[in-house]
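S.K.:
Numbering (UniProt numbering), first residue to last: 1 to 809.
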């Protein structure tokens, strides 16, 4: 769309520099096509997009939607600024205008759970049935995501599926005006994002507003959800609505579909299919091609020095564009050549959709051409001739098996490779081709969950509050470098480590953001200065050594962080007399400069110790004021840890320190908002290596502590106390979850490298199946409770020989 047209939508009648706009950008890190990008300088609780205008202009962006100008327009001679009262409102106006150009039906899906699953399966079924359908990518369902997904959608589509989510009152009315749906489906009302609603009933009423903006709009809802049903019953004026759980579909999916879908989700999909494609025959064969929906995008270091972007579960045109952008960013950052391995898309087998899909694929590849292009399937081969001129001639394979049998993966040595395949092509076989051999036990790290936790804690404190993220102890067992990279990309303000060596490792891996060292070793201070690490100073002796190191190195104004001991009685200045000596030393030197002053709360997690906590905070504030008055300048002040952020947000001051809460474990016993808002980041899984039949009277494992009183079926799992599974968890003191959802207790002692589980009641379980030791549904806290310890000890004890596997939802 022309920039002049977009300006007109926003009420701006004249512009000086018109251009064609293809990309609406809200995140400066996602820049791909500068010349055709319109950047929206959004102001959010965690950042201000106006701060990135200078960077984007120098990167080639020339069109901006802003609320203010940071500099004179003359400093950006080629730029066009569209100045509006509210940037988010401007983005939503453009999304609403784009929606009005759609020719087909718009289906809006909302609810607390199941939105993405229903959307993805419905999209599969519609395209398999030959319907020209489009959908919002991944979970683009927010105030920002919805207008962006409408901008990307195909206005010629017969059906457009839009996911809609809210996190507080008032948001749904705005989104309803943008989406203007023909059909609304509400899945259920649960605890997700409950922190900003007074009750589940209030949330249900907000969700229903999606169906009251458009008239007439059909509302399909989960009639088994009592809260939702009550909210629907009082909508005024009442829309055309019915319960999809009571709907009698004419379609007859096979029993095998029940393995993929919860009954309520299947009911929703069938009700929508009846509305959207009434011509489908009752015994339609579209169900036979339905594949499990996988929502993860995995990036891993493969063999042959490759980097693999495994995004093989959303193979349609809009998903391809996002994936190509990811490939471009990763390959440019690592300075490696890029390769796309792409399969035929769902829908290409339908003659009336094939040409349009092939044209879309061709256009996207031309915009972001990889260095090497590989097609798998019979349809994409038609693009070989027209694409051979702009990149190396595409290689074509009829099937995945054909690729595996004839292609030498070593020819891609050193490449960044994007795998983009429809589920029917089983690209997991290609992914496995590049996977390095690894331990059969895996610690999955959900990066999306970690960012959700950060977002939750940010919602508790004022928007200007800075965050220190604790990545000490190998990122609480989750991996320090990977977590640090993620936090740096999402504008966290500080990282904190315990030891200088931990900070040096991050620097050597390219982490540039400020790093605080909590326990600096005095013998390595010069090493710390070399890597620009900022020490905690907790004693006069340490300060003297640091000043001397700075003098020898010719350094002045080196940033330091003063630690006060106000009641923890660990490290820190704990008497006022010593504090006054500290102030004298700081006044008399220019070798160091105080960046922050802080204290650590001893019992912020204990409601019975609040008097002590408030006393610590009062002492800290008094001494901090004295320091600033003496030094004559302002420093950052921070006292709150994870528990403190939740319980004492009024004492956020300038900065807070987020530790165990970042990784999804409540820092104190909580049955309310905190427990439902945090998401466990780590999941520990292994496999059943072997199954044995044990006769009655025989013992299992070392010693004779577990003697079978009846014949037993025993599974051996290759993970033991050398991997972090405490020996005390043997002999039935913990259970693992099997693939069928049942639990199997340990039997016998935990060994160094293995443990045994009792499968006597799980006769269908076989060797090679996965077992889960802990995850979001099987909380790690149950292990720490059994052992009489805390989650910190369990998660930081997971051995480094357990592979860490990072993914995003």
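Heads up, the beta-carbon is just placed ideally off N, CA and C, and yes, glycines get one too.
1. By DSSP's criteria, residue 446 is part of a beta bridge. Which residues make up the other side?
2. Is DSSP giving residue 733 helix, strand or coil here?
3. Identify whether residue 11 lies in helix, strand or coil by the three-state DSSP scheme.
4. For the beta strand (DSSP E) that residue 17 lies in, which residues bound it at each end?
5. Residue 762: buried (16+ other C-beta within 10 angstroms of its C-beta) or exposed?
6. Whether or not the region 337–352 and the region 124–138 are in contact is what I'm after, with contact meaning three or more pairs of Cβ atoms, one per stretch, closer than 8 Å; do they touch?
7. With a CB to CB cut of under 8 Å and the five nearest residues on each side skipped, what residues in its chain are close to residue 9?
8. Mapping DSSP to helix, strand and coil, what is residue 307?
9. Output needed for residue 500: all residues of its chain with C-beta closer than 7 Å, excluding positions within five of it in sequence on either side, in chain order.
10. With distance defined between alpha-carbon atoms, name the residue in 592, 81 and 36 nearest to residue 50.
11. Which residues share a DSSP beta bridge with residue 135?
12. Can you pull the DSSP bridge partners for residue 752?
13. How many whole angstroms separate the CB atoms of residue 765 and residue 688, which I take to be in contact at a CB cut-off of 8 Å?
14. With respect to the beta strand (DSSP E) encompassing residue 596, which residues constitute its N-terminal and C-terminal limits?
15. Output yes or no for whether 8 Å exceeds the beta carbon distance between residue 241 and residue 210.
16. Could you tell me if residue 143 is buried or exposed, where buried requires 16 or more neighbouring beta carbons within 10 angstroms of its beta carbon?
17. Mind listing, in chain order, the continuous beta strand (DSSP E) runs of no fewer than 3 residues lying wholly within the region 531–587?
18. Spatial neighbours of residue 802 within its chain, please: C-beta separation below 8 Å, excluding the five flanking residues on both sides.
19. What's the call for residue 637, buried or exposed, on a 16-neighbour Cβ count within 10 Å?
20. Who are the Cβ neighbours of residue 265 in its own chain at under 7 Å, not counting the five residues just before and after it?
21. Return the Cβ separation of residue 419 and residue 392 in integer angstroms, given the expectation that the two are a contact with Cβ distance under 8 Å.
22. First and last residue of the beta strand (DSSP E) that includes residue 690?
23. Cα separation between residue 359 and residue 503?
24. Give me, in chain order, the residues of the same chain whose beta-carbon lies closer than 6 Å to that of residue 58; leave out the 5 immediate sequence neighbours on both sides.
25. Comparing alpha-carbon positions, which option in 390, 454 and 399 lies nearest residue 430?
26. State the DSSP-derived secondary structure class of residue 469, mapped to helix, strand or coil.
27. Please determine, among 383, 343 and 339, the residue with the shortest C-alpha to C-alpha distance to residue 355.
28. From 539, 60 and 414, pick the residue whose C-alpha is nearest to that of residue 301; which is it?
29. Rounded to the nearest angstrom, how far is the Cβ of residue 818 from that of residue 434, given a contact under 8 Å?
30. Using a Cβ-Cβ cut-off of 7 Å (strictly less than) and excluding sequence neighbours within five positions of residue 386, which residues of its own chain qualify?
31. Have a look at 323, 758, 512 and 584 and flag the residue whose alpha-carbon is nearest the alpha-carbon of residue 745.
32. Exposed or buried, which one is residue 20 when buried takes at least 16 other CB atoms within 10 Å?
33. Taking just the CA atoms, how far does residue 767 sit from residue 747?
34. Nearest CA to the CA of residue 485: which residue from 465, 447, 453 and 473?
35. Can you grab the Cα-Cα spacing for the pair residue 622 / residue 578, in whole Å?
36. In chain order, what are the residue ranges of uninterrupted beta strand (DSSP E) at least 3 long that sit wholly in the region 47–100?
M.R.: Once the coordinates are examined:
1. If you number the chain shown from 1, residue 446 lands on position 446. 807, per the DSSP bridge assignment.
2. As a working note, residue 733 is residue 733 in the chain shown. Three-state result, residue 733: coil.
3. The residue given as residue 11 occupies position 11 in the chain shown. It is coil, neither helix nor strand.
4. Looking up residue 17 in the chain shown gives position 17. Taken as a continuous stretch (DSSP letters only), residue 17 belongs to no beta strand (DSSP E), as it is neither H nor E.
5. On the chain shown, position 762 is the one that residue 762 refers to. So residue 762 counts as buried.
6. yes
7. Looking up residue 9 in the chain shown gives position 9. Contacts found: 93, 94 and 97.
8. Indexing the chain shown from 1 puts residue 307 at position 307. Residue 307: strand per DSSP, three-state reduction.
9. As a first step, residue 500 is located in the chain shown; it is residue number 500 there, counting from the start. Within the same chain, residue 500 has close Cβ partners 517, 520, 521, 524, 527, 528 and 533.
10. In the chain shown, counting from the first residue as 1, residue 50 sits at position 50. The shortest C-alpha separation from residue 50 is found at 81.
11. Your numbering for residue 135 matches position 135 in the chain shown. Paired residue(s): 161.
12. Within the chain shown, the letter at position 752 stands for residue 752. Beta-bridge pairing links residue 752 to no other residue.
13. Position 765 of the chain shown, counted from the start, is the residue given in the question as residue 765. Position 688 of the chain shown, counted from the start, is the residue given in the question as residue 688. Right, the Cβ-Cβ distance comes to about 7 Å (below 8 Å), so this counts as a contact.
14. Reading the chain shown from its first residue, position 596 is the one you call residue 596. Looking at the DSSP string, the run of the beta strand (DSSP E) that includes residue 596 is 592–599.
15. Locating residue 241 in the chain shown gives position 241, counting from the first residue. Locating residue 210 in the chain shown gives position 210, counting from the first residue. No. Outside cutoff.
16. Indexing the chain shown from 1 puts residue 143 at position 143. Buried, because 16 or more other Cβ atoms sit within 10 Å of the Cβ of residue 143.
17. 534–537 and 558–564
18. Translated into positions along the chain shown, residue 802 becomes position 802. Counting only Cβ-Cβ distances below 8 Å, and skipping sequence neighbours, we find 439, 441, 442, 443, 684, 719, 723 and 724.
19. Walking along the chain shown from the start, residue 637 turns up at place 637. When all chains shown are included, residue 637 counts as buried.
20. As a position in the chain shown, residue 265 is number 265, starting the count at 1. For residue 265, where only same-chain residues beyond five positions count, the Cβ hits under 7 Å are 114, 117 and 118.
21. Numbered from 1 along the chain shown, position 419 holds the residue referred to as residue 419. Numbered from 1 along the chain shown, position 392 holds the residue referred to as residue 392. Not a contact, Cβ separation roughly 18 Å.
22. Residue mapping note: residue 690 aligns to position 690 of the chain shown, counting from 1. Here the beta strand (DSSP E) through residue 690 covers 690–694.
23. Against the chain shown, residue 359 aligns to sequence position 359. Against the chain shown, residue 503 aligns to sequence position 503. The straight-line gap from Cα to Cα measures roughly 49 Å.
24. Residue mapping note: residue 58 aligns to position 58 of the chain shown, counting from 1. No residues qualify anywhere along the chain.
25. In the chain shown, the residue the question calls residue 430 occupies position 430. Selected option, being the one with the closest Cα: 399.
26. If you number the chain shown from 1, residue 469 lands on position 469. It is a strand residue.
27. Taking the first residue of the chain shown as position 1, residue 355 is located at position 355. For the residues 383, 343 and 339, the minimum Cα distance to residue 355 belongs to 383.
28. Taking the chain shown and counting its residues from 1, the one referred to as residue 301 is at position 301. Answer by Cα proximity: 414.
29. With the chain covering 1 to 809 only, the question about residue 818 has no answer from this structure.
30. Residue mapping note: residue 386 aligns to position 386 of the chain shown, counting from 1. Counting only Cβ-Cβ distances below 7 Å, and skipping sequence neighbours, we find 362.
31. Along the chain shown, read from residue 1 onward, the residue named residue 745 stands at position 745. For the residues 323, 758, 512 and 584, the minimum Cα distance to residue 745 belongs to 758.
32. Taking the chain shown and counting its residues from 1, the one referred to as residue 20 is at position 20. Burial call: exposed.
33. The residue labelled residue 747 in the question sits at position 747 within the chain shown. The residue labelled residue 767 in the question sits at position 767 within the chain shown. Taking the straight line from one Cα to the other gives about 17 Å.
34. Position 485 of the chain shown, counting from 1, holds the residue named residue 485. The candidate whose alpha carbon is nearest that of residue 485 is 447.
35. Position 622 of the chain shown, counted from the start, is the residue given in the question as residue 622. Position 578 of the chain shown, counted from the start, is the residue given in the question as residue 578. Roughly 15 Å between the two C-alpha positions.
36. 63–66 and 80–83
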